[in-house]
Amino acid sequence: AQSVTQLDSQVPVFEEAPVELRCNYSSSVSVYLFWHVQYPNQGLQLLLKYLSGSTLVKGINGFEAEFNKSQTSFHLRKPSVHISDTAEYFCAVSFLSQGAQKLVFGQGTRLTINP
Amino acid sequence: GAGVSQSPSNKVTEKGKDVELRCDPISGHTALYWYRQSLGQGLEFLIYFQGNSAPDKSGLPSDRFSAERTGGSVSTLTIQRTQQEDSAVYLCASSFGLARGNEQFFGPGTRLTVL
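In order, the protein sequence lines correspond to chains A and B. Quick note: the first sequence uses the working numbering, first residue 1, plus one each step. Quick note: the second sequence uses the working numbering, first residue 1, plus one each step.
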């Protein structure tokens, strides 16, 4: 079965510091990978996605993620965070199972930016 | 409308009552998903519709939950005899399916409170 593990439930970071949010997945089939962001009291927005091609994917707001197939990871990074990056971040994998298109989410990582 | 819309945005109901939550997906999207997000939790998959195929109901937590999608567009999630543990944010998402990597677009959610 496919699963997603976000290793950190909460990550506090000072403003302008770099950040990495970790995501590991388990799958016996090919997957697509996503990071979504949920700002306080808002819905989910797509941050970036990996479908194929270059393993380094750039998204909105200066975020990027690297797909590492051998380590089954898709960690999210930003070199310098801003107060406005405070949000919940969800890693997700999409795959085909028995004709159905599934999307499995991790438990989320709450990123808090301190001044 | 350009995005996924959901109504109502907030719903407060008494234990034992039935509720209906509505989702209007992006026009042309063939796949529609319902998720539940409880306080401090990740996203829990509930049900998935793809075109005219039979829905994948594997995530519905009990037989009090049901959903339908009329005309391949609007979807209604119904919860009968609501319980306090049903309190959560219910999110709807739609996509073009795996043809475009199953990138899902989320609505703003309906916050359900069962008293």
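We put the CB at the ideal spot given by N, CA and C, even for glycine.
- For the set A/D8, A/Q2 and A/S28, the Cα lying nearest the Cα of A/T112 is the one of A/D8.
- Of all alpha-carbon atoms in A/T72, A/R22 and A/T86, the one lying nearest the alpha-carbon of A/V37 is that of A/T86.
- For the stretch 28-61 of chain A, the set of residues with a beta-carbon nearer than 8 Å to any beta-carbon of chain B comprises Y32, F34, H36, Q42, G43, L44, Q45, L46, K49 and L51, in chain order.
- The Cβ neighbour count for B/A88, taken over all protein chains shown within 10 Å, is at least 16; the residue is labelled buried.
- Judged by pairs of C-beta atoms under 8 Å, the stretch 75-85 of chain B does not touch the stretch 91-99 of chain A, as fewer than three such pairs exist.
- Rounded to the nearest whole angstrom, the C-alpha separation of B/S7 and B/G109 is 8 Å.
- For A/H36, the beta-bridge partners assigned by DSSP are A/L46 and A/F90.
- Neighbours of B/E103 in chain A, taken as residues whose beta carbon is under 9 Å from its own, are Y32, F34, L46, K49, L51 and S94 in chain order.
- Excluding the 5 residues flanking it on each side, B/N52 has same chain C-beta neighbours closer than 8 Å at G72, in chain order.
- Q41, G42, L43, F45, Y48 and Q50: these are the residues of the stretch 40-52 of chain B whose beta carbon lies less than 8 Å from some beta carbon of chain A, given in chain order.
- Of the residues B/S38, B/H29, B/C23 and B/T30, the one whose Cα lies closest to the Cα of B/A67 is B/C23.
- Secondary structure at A/E20: strand, using DSSP grouped into helix, strand and coil.
- Relative to B/P55, the option among B/N10, B/R64, B/L43 and B/T30 whose CA is nearest is B/T30.
- Taking the Cα positions, B/V74 is about 7 Å away from B/P25.
- Taking CB atoms only, B/S95 has a neighbour in chain A less than 9 Å away.
- Residue contact with chain A for B/Y90: absent (no Cβ-Cβ distance below 9 Å to any residue of chain A).
- Classified as exposed, B/R100 has fewer than 16 neighbouring CB atoms from the shown chains inside 10 Å of its CB.
- Look at A/I83 here: in three-state DSSP terms it is helix.
- For A/A100, the closest Cβ of chain B is nearer than 9 Å.
- Here the C-alpha atom of A/Y39 lies approximately 12 Å from the C-alpha atom of A/L46.
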